[in-house]
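Anchor point for the sequence shown: position 160 equals 881 in our numbering, and the numbering is continuous, going up by one each time.
For reference, the structure discussed in these notes is given below.
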Amino acid sequence: MSYNFDTGMTTGFCKGTKASHIVDSIKLLKTSVSEIGHPMLLPLIILSNDMSSSVEIRQRDARGWLRRIEYALSMGSSLESNDGYVRNGLLDLDALNRDLVECYSQTLWKNPTTYLTIIAHFKEAMEAVQLEIPTTGKDSIMNKLHTRILSRLKFHERRLLGLDGFVNTTQQRLEKKSALSLIIAQKDSRLNFEVAGNSRSLAHATKRDTGSMMALALLGTIFLPGTYIASIFSTTFFDFQNATWTAVMSPKFWLYWATAIPTTVLILGAWTFWERQRNLKYEMEERDLARASENMEKTILAAMGRRTLAKMTTLGANKEEL
């Protein structure tokens, strides 16, 4: 935007979306025909529309959101399920962390510090315009309009200073909540450490059982072939006392295979059925173990929550005594 003090003509290029209130600003400018001669009128209208009451409302909503997060962190699992931060009887840390990040991003929306910088540059431009305004008396229309714009800028500046302090307080409280979230994460790490200790004990027990089974399997591998061959040779189908080799094996030796093969198939089928039933049993045990792990986690977290609340109560009692 540029302004020619000789002709009193203002030229410029404006680009924006529907969210930037450009259309509303242009409409309001057209209704202010008598004051359109001041070059800073349109920038003031755009600034005023952009700093609507929705900015303060959004910051106050963020403060209310922060209060709910603080209440959830202080009360823990004793909250009701309709509060949105309790899931399966436990405090949902993921939801709290997500809301902390979102709440902090809300405080950064249209940061008052940025607008204070804009107003500072706005005042510099107003000083440059003041030097070129013709001094034709105190009742000059341009001087009156210039004074009104300056007063409006001061109003926005005071308003932004108050909002900036409000936002800074909210952000400082959010930083404390981040530190508290770190403490909760440390408690979660202790829980994982306890679960890892139980898993390590279970792994050692499984390793000992596996070693015993391997020893039994090794003994079976060594003695089973010899036992099997000896059992066949000890049957009546073989007679090593005969003088000729052809008379050693009985012609009815096929009866052994006719009996052994069906028996082996039957035993293998029974073993396969038993193995499937055992796998189903193991799956049920794994589901029960998963539920037991969840219950153990709930118990440990509840115990940690009781210890934390006990410490907070003790601290409050000490403060009352002091």
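We put the CB at the ideal spot given by N, CA and C, even for glycine.
N-terminal and C-terminal residue of the beta strand (DSSP E) that N725 is part of: Segment S723 to N725, the beta strand (DSSP E) holding N725.
Residue burial classification, C824 (beta-carbon count within 10 angstroms, cutoff 16): Counting the other CB atoms within 10 Å of its CB gives C824 a total of 16 or more, which places it among the buried residues.
Quick one: Cα of V754 to Cα of G886, how far? For V754 and G886, the distance between alpha carbons rounds to 37 Å.
Beta-carbon separation of L884 and P833 under 8 Å? Result yes, Cβ atoms of L884 and P833 sit closer than 8 Å.
Cβ neighbour criterion (16 or more within 10 Å) applied to H877: Classified as buried, H877 has 16 or more neighbouring CB atoms from the shown chains inside 10 Å of its CB.
Going along the chain, which residues of its own chain have a beta-carbon closer than 8 Å to the beta-carbon of M863, five neighbours each way excluded? Cβ neighbours of M863 beyond the five flanking positions: G758, H759, I854 and P855.
Nearest to R781 by CA position, among S795, T752, T828 and Y806, is which residue? The shortest Cα separation from R781 among S795, T752, T828 and Y806 belongs to T828.
Rounded C-alpha distance that separates D727 from A740: If you draw a straight line from the Cα of D727 to the Cα of A740, it is about 35 Å long.
Strand pairing of T731, partner residues [DSSP]: Answer by DSSP bridge pairing, in chain order: Y724.
For V744, report the span of its alpha helix (DSSP H) as first-last. I743 to K751 is the span of the alpha helix (DSSP H), which, as asked, contains V744.
Looking at the secondary structure, which residues open and close the alpha helix (DSSP H) in which H842 lies? Per DSSP, the unbroken alpha helix (DSSP H) holding H842 starts and ends at P833 to E853.
What number of angstroms, rounded off, separates the C-alpha of E695 from the C-alpha of R1012? Since the first residue shown for the chain is 722 and the last is 1043, residue 695 is missing from the structure and cannot be characterised.
For R789 and A849, the rounded distance between their alpha carbons: Roughly 48 Å separates the two Cα atoms.
Which two residues bound the contiguous alpha helix (DSSP H) that contains I766? Here the alpha helix (DSSP H) through I766 covers L762 to D771.
State yes or no: is the C-beta of L874 within less than 8 Å of the C-beta of F843? Remark: C-beta atoms of L874 and F843 approach each other more closely than 8 Å.
Distance check for V807 and D1046, CA to CA, integer angstroms please. What the structure shows of the chain is the stretch from 722 to 1043, and residue 1046 is not part of that stretch, so it cannot be assessed.
Can you tell me the Cα-Cα spacing of L895 and Q851, whole angstroms? L895 and Q851: Cα-Cα distance of roughly 44 Å.
Between the beta-carbon of D820 and the beta-carbon of W786, is there less than 8 Å? Contact: yes.
Residue from K1002, K1019 and M730 with nearest C-alpha to E756: Here the closest residue by C-alpha is M730.
If I'm right that S746 touches L762 with Cβ under 8 Å, what's the distance once you round it to whole angstroms? Not a contact, Cβ separation roughly 10 Å.
In its own chain, which residues sit with a C-beta less than 7 Å from the C-beta of A846, not counting the 5 before and 5 after it? Answer for A846: M761, listed in chain order.
Through-space distance from Y724 to S774, alpha-carbon basis: Those two C-alpha atoms are separated by around 31 Å.
Rounded C-beta distance between A783 and T890? I'm assuming under 8 Å. Wrong, their Cβ atoms sit about 11 Å apart, outside the cutoff.
Can you tell me the Cα-Cα spacing of D771 and H742, whole angstroms? Approximately 7 Å, taken between the alpha carbons.
Can you tell me the Cβ-Cβ gap for M722 and G737, rounded? I've got them flagged as a contact below 8 Å. Going by Cβ atoms, the distance from M722 to G737 rounds to 14 Å, so no, they are not a contact pair.
Are the beta-carbon atoms of I839 and L765 separated by less than 8 Å? Cβ distance not < 8 Å, so I839 and L765 don't count as in contact.
Is the beta carbon of R779 sitting closer than 8 Å to the one on W830? Against a cut-off of 8 Å, the Cβ pair of W830 and R779 comes out as a contact.
Exposed or buried, what is L940 when buried is set at 16 or more other beta-carbons lying within 10 Å of its beta-carbon? Counting Cβ neighbours within 10 Å, L940 comes out exposed, since fewer than 16 surround it.
Out of curiosity, what's the CA-to-CA distance linking D930 and Q893? Rounded to whole angstroms, D930 to Q893 spans 56 Å at the Cα level.
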